[in-house]
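Under UniProt numbering, the sequence shown has 84 at position 84, and the numbering climbs by one with no breaks.
Idealized CB from N, CA, C, for every residue including glycine.
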Amino acid sequence: MRKIDIISNQKKAWNVILSMHRIKVIKGDITSIAVDAIVNAANSSLMGGGGVDGAIHRAGGPAILEDCRKIVAKQGGCKTGAAVITGAGRLPAKYVIHTVGPVYNSGKGKVAELLASCYQESLKLAVANHCKTIAFPSISTGIYGYPKAQAAVIAMDTVKTFLAEDHEIEEVVFVCFDDENYDLLKKESG
Ligand code: ADP
């Protein structure tokens, strides 16, 4: 291996280590987190639903749904693995980034890539909107049935990889609603 490649690999490894210090795992309700953007595990209609989606719309009020309606009118919803951004209504966050996780047993294959894409696309949208801090729920691990241990590995790996390349985002918070997700993500964060 050439010396320049060794240095470049060392730099990449160092960036991954540094990125770990910009990740926080907490237990709580994402609607109460004061970050630049919180991420919603939405469905492709963007018209609200159960779980974290319902909680965000309830706490944030009708302004979020109004913004979602405008997006739907323009582009007709949001595809699995993609993300869109709206205001955050009454929430303490500035924005809500709505991403659509894969349904684990949808038989569509590529669920891991689609779940990783949710994290990547949300982070890209956060950077494009000058967000420095962002909070994620455990996408797809509720109604969409993704096994929590597998989802935690994908979530953490994807965020660490992104942070190693990106220097705009200062902090990523994983907000876990249940002990199982908290323990899994905490383990993966180390
Ligand atoms: P999905 O359809 O993507 O599975 P869910 O909303 O059913 O979305 O669940 C995603 C994750 O969000 C689950 O782990 C669930 O426990 C969690 N969750 C539900 N409500 C909240 C909340 N208020 N804050 C943070 N996480 C939440």
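CA-CA distance, Ala-164 to Pro-62, rounds to 37 Å. Between the ligand ADP and Ser-138, a heavy atom-to-CB distance of less than 6 Å is present. By the CB criterion at 7 Å, Cys-131 and Asp-36 fall inside the cutoff.
The shortest CA-to-CA distance from Thr-31 to any of Lys-24, Ala-41, Ile-23 is the one to Ala-41. Fewer than three beta-carbon pairs drawn from the stretch 22 to 30 and the stretch 62 to 78 are found closer than 8 Å, and the two stretches are therefore not classed as touching. Under DSSP, Lys-24 shares a beta bridge with Val-173.
Residues of the same chain with a CB within less than 8 Å of the CB of Ile-154, apart from the 5 flanking positions on each side, are Ala-112, Leu-115, Ala-116, Tyr-119 in chain order. Runs of beta strand (DSSP E) with 3 or more residues, each lying fully within the stretch 64 to 128, are found at 83 to 87, 95 to 100, listed in chain order. Between the ligand ADP and Thr-80, a heavy atom-to-CB distance of less than 6 Å is absent. Relative to the non-hydrogen atoms of the ligand ADP, the Cβ of Phe-174 never comes closer than 6 Å to any of them.
In the three-state DSSP reduction, Val-35 falls in the coil class, being neither helix nor strand. Cβ atoms of Tyr-104 and Tyr-146 come within 8 Å of each other, at about 4 Å. The distance from the Cβ of Val-16 to that of Phe-136 is about 19 Å, inconsistent with a contact at the 8 Å cut-off. Rounded to whole angstroms, Gly-109 and Ser-44 show a C-alpha spacing of 18 Å. Burial is judged here by how many other beta carbons sit within 10 angstroms of a residue's own beta carbon; Gly-28 has fewer than 16 and is exposed. In this structure, Asp-183 has its beta carbon at no less than 6 Å from each heavy atom of the ligand ADP. Cβ contact annotation for Glu-121 (same chain, cutoff 8 Å, sequence separation greater than five): Gly-81, Ala-82, Ala-83, Thr-99, in chain order.
As far as DSSP is concerned, Phe-162 takes part in no beta bridge.
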